[in-house]
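Residue numbers (this note's numbering): 324 to 410. Beta carbons: idealized from backbone N, C-alpha and C, even for Gly.
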Amino acid sequence: MSANLHPPKIYGDMKIKIKIDNDKCKNPDECMKCVQACPAKIFVLKSVKKESSYVNKWEVKVLFKDLCNGCMKCVEICPEQCISVKF
Ligand code: SF4
Ligand code: SF4
């Protein structure tokens, strides 16, 4: 019996829209729930430097959105309701 490791199911020409409300995502480097939950690993944490500050700010960004399989784990797990996924 082969194990099902949730291989990404690519939705061909479907236009997937994944949005992150970074204003609502206050501490992404401490949370990381969406990054860890996504089976397709499409989220990354990116450092964003503000011009007026030397303090690094982190934001969750979407990479490789075409690998999204529509499982909605990211939407369900986000404690701040920052993420929307639409087809
Ligand atoms: S719905 Fe969310 S968790 Fe599921 S594959 Fe797409 S981006 Fe990843
Ligand atoms: S799960 Fe939500 S709050 Fe947590 S890092 Fe991802 S977008 Fe931000």
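Report the rounded CA-to-CA distance for Cys-405 versus Val-358, giving the unit in angstroms.
-> As a working note, residue 405 is residue 82 in the sequence shown. As a working note, residue 358 is residue 35 in the sequence shown. So the alpha carbons of these two residues sit roughly 13 Å apart.
Please find out if some non-hydrogen atom of ligand 2 comes closer than 7 Å to the beta-carbon of Ile-343.
-> Within the sequence shown, the letter at position 20 stands for residue 343. Yes, the Cβ of Ile-343 comes within 7 Å of a heavy atom of ligand 2.
Rounded to a whole number of angstroms, what is the C-alpha to C-alpha distance between Lys-364 and Glu-403?
-> As a position in the sequence shown, residue 364 is number 41, starting the count at 1. As a position in the sequence shown, residue 403 is number 80, starting the count at 1. Their backbone Cα atoms lie some 20 Å apart in a straight line.
Since Pro-362 contacts Cys-401 with CB under 8 Å, what's their CB separation in whole angstroms?
-> Residue 362 sits at position 39 when you count from the first residue of the sequence shown. Residue 401 sits at position 78 when you count from the first residue of the sequence shown. That pair is no contact at about 15 Å.
C-alpha distance - Asn-350 paired with Lys-380, whole-angstrom precision = To locate residue 350, count along the sequence shown from 1; it is residue 27. To locate residue 380, count along the sequence shown from 1; it is residue 57. When rounded, the distance between both Cα atoms is 9 Å.
Use the C-beta contact count for Val-383: other C-beta atoms within 10 angstroms, 16 or more gives buried, fewer gives exposed.
-> Position 60 of the sequence shown, counted from the first residue, corresponds to residue 383. Classification for Val-383: buried.
Exposure label - Phe-366; buried when at least 16 CB within 10 Å | Here residue 366 corresponds to residue number 43 of the sequence shown, with the count starting at 1. So Phe-366 ends up on the buried side.
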